[in-house]
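Letter by letter, the sequence shown follows residues 7 to 385 in my numbering.
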Amino acid sequence: MSANVRTDCFFNLTREEKIDIFKRRQGLRIENVFRNYFGWAMLPLAGLATIVTILFIVTIYKAIRARRVSRKCYILILNRSIGDLLSCICALLVCGYVLLMPDVNRDIVIFMESFFIGSFWSAMVSYVALSVLKLFAVWKPFHYRKWFNMKRCIYLIIFSWIMFVLMISYTLGVTALVKIPYLNEWSGCKMETCLRIMYRSRNFVTLTVYFFTLFVFVGTVILIRRAQRFVDSFKKRESAKSEGGRIQRARFPLWKLALNVGTFAGLYLFYVIWCIGLVLNTDQCYFQRNYAEMMMLLSIVRFSLVLRILIDPILSFITDFQIRRGMLALFNIHRNLNGPGSRVGFQKSTISEYNSSNGDSGPNRIERVARSQTVHSIP
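What follows is the structure in structure tokens.
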């Protein structure tokens with residue numbers, strides 16, 4: 007219909023009629039945002055992330071059962087991946103709802119989004135726990151195995167799912183006080199009061215956990231650099247005693263740590279900016295008046311979170327030899343992975359160097375080297 011209509015019929019509208027027209031226009035815009043951004047834009051990414059995460063979970067599970075990897079660390083990675091899988095499933099359910107339903111109910115979308123954020127929190131706890139484990143392994147290496155045993159890792163996993171239940175219960179409980187009529191009459195809650203307080207408090211906790219994790223990463227880097235300087239100074243003294251001694255720098259996996267920091271900090275940055283904006287905003291009605299625009303921004307935040315879920319297994323496949331070998335075995339691909347960067351190649355070269363320097367060979371020497379590597383390695 008043409009917009010060039012000459013009439014004065016819409017100038018003398020009552021306040022109720024203007025509010026009704028505003029609600030109808032906003033409803034159409036919100037439905038368009040849900041279908042395009044929560045539906046079509048998210049569907050291929052969430053589907054691909056779901057497939058990759060399932061393969062990653064199966065690979066880690068088989069590696070843990072075969073005892074090829076450190077159970078304490080990889081069981082936390084497995085728990086994080088399960089939380090990521092639930093987030094992908096929730097995103098796919100939202101996609102199916104907004105694309106298949108003729109009339110999109112935004113309350114149902116928000117209900118399913120509560121489970122998406124809850125699953126994100128279960129994965130977030132595992133992410134933080136892994137960061138603390140890395141810090142403690144560098145800070146107190148001799149107490150690491152004693153204090154962080156398998157039992158405590160199981161407790162951390164249980165705590166992550168307690169956070170999942172608490173976040174969902176908190177969100178749905180406050181939402182019920184606003185949406186359900188008799189509870190609303192009893193509580194007197196409104197969207198700009200109770201719901202806003204709930205979201206602000208949840209976002210504040212998110213910011214606290216995010217910056218705490220970055221602080222732990224920075225502390226780990228500082229401790230690794232300090233240990234590296236100590237080892238270098240010790241090797242200088244040893245090389246000074248022997249003529250022509252060459253200093254060999256100790257190799258620490260700083261690049262892997264930097265990769266983890268970059269993935270975590272970069273792809274969670276959109277969510278952090280979103281949380282900061284909602285925490286600092288003092289206008290109680292801003293979100294409701296600009297609901298369509300805010301949901302469009304939220305869709306970008308969701309996109310970055312699901313993108314992190316997709317990238318994490320890919321980075322593990324590239325950087326982790328055991329994950330790469332296990333994932334290739336799922337497709338019956340048996341390649342020669344004994345390259346210079348693999349653990350097997352490293353062990354063979356170490357064993358040959360040890361035997362040649364001591365003039366001995368045989369299974370006893372190999373067993374000794376394997377034991378020494380086990381003692382000096384931190385899982």
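Think of the CB as a built atom: it goes at the ideal place given N, C-alpha and C, for glycine as much as any other residue. Quick caveat, the model's predicted, so the values are computed rather than measured.
By the beta-carbon neighbour count (other beta carbons within 10 angstroms, threshold 16), residue 290 is exposed. By the beta-carbon neighbour count (other beta carbons within 10 angstroms, threshold 16), residue 156 is exposed. Residue 19 carries a coil assignment under DSSP once its states are collapsed to helix, strand and coil. Counting the other Cβ atoms within 10 Å of the Cβ of residue 181 gives 16 or more, which makes it buried. Cβ-Cβ separation between residue 270 and residue 103: approximately 30 Å, too far for a contact (criterion under 8 Å). Ranked by how close their Cα comes to the Cα of residue 313, the residues 23, 330, 273 and 216 have 273 in first place. In this structure, residue 301 and residue 110 do not form a Cβ contact; the two beta carbons are roughly 11 Å apart against a cut-off of 8 Å. For residue 277, the number of other beta carbons within 10 angstroms of its own is at least 16, and it is reported as buried. Straight through space, the alpha carbons of residue 338 and residue 165 are spaced by roughly 37 Å. Each of 62, 72, 37 and 21 was checked against the Cα of residue 315, and the nearest Cα belongs to 62.
Around residue 162, the same chain offers 135 as residues with beta carbons nearer than 6 Å, after the five sequence neighbours per side are excluded. Counting only the Cα atoms, residue 123 lies some 10 Å from residue 116. For residue 42, there is no enclosing alpha helix (DSSP H), as DSSP marks it with neither H nor E. Residues of the same chain with a CB within less than 6 Å of the CB of residue 51, apart from the 5 flanking positions on each side, are 312 in chain order.
Taking a 10 Å sphere around the C-beta of residue 320, we find fewer than 16 other C-beta atoms and assign the residue as exposed. Going by beta carbons, residue 205 and residue 98 fall outside the 8 Å limit. Contact between residue 223 and residue 267 holds: CB atoms are separated by about 5 Å, below the 8 Å threshold. For the pair of segments examined, the region 145-153 was found not to touch the region 88-97: the number of CB pairs separated by less than 8 Å stays below three. Going by DSSP, residue 163 is part of the alpha helix (DSSP H) stretching over 156-185. Here residue 171 is exposed, its C-beta having fewer than 16 other C-beta atoms within 10 Å.
Excluding its 5 nearest sequence neighbours in each direction, residue 120 has C-beta neighbours in its own chain below 7 Å: 174, 177 and 178, listed in chain order. Residue 68 sits in a helix when the DSSP states are folded into three classes.
Take residue 200, set aside five residues on each side of it, and the residues of its chain with a beta-carbon closer than 8 Å to its own are 180, 183, 184 and 193, in chain order.
Ranked by how close their Cα comes to the Cα of residue 35, the residues 112, 48 and 169 have 112 in first place. Under the criterion of beta carbons closer than 8 Å, residue 305 and residue 43 qualify as touching, at roughly 4 Å. Around the Cβ of residue 85, a 10 Å sphere holds 16 or more other Cβ atoms; the residue is buried.
If you look at residue 108, you'll find it isn't in any alpha helix (DSSP H); DSSP assigns it neither H nor E. Residue burial annotation: residue 28 is exposed, with fewer than 16 other C-beta atoms found within 10 angstroms of its C-beta. A distance below 7 Å between beta-carbons, with the five flanking residues on each side excluded, links residue 197 to the following residues of its chain, in chain order: 184 and 294. Residue 59 is positioned such that its CB atom lies no closer than 8 Å to that of residue 333.
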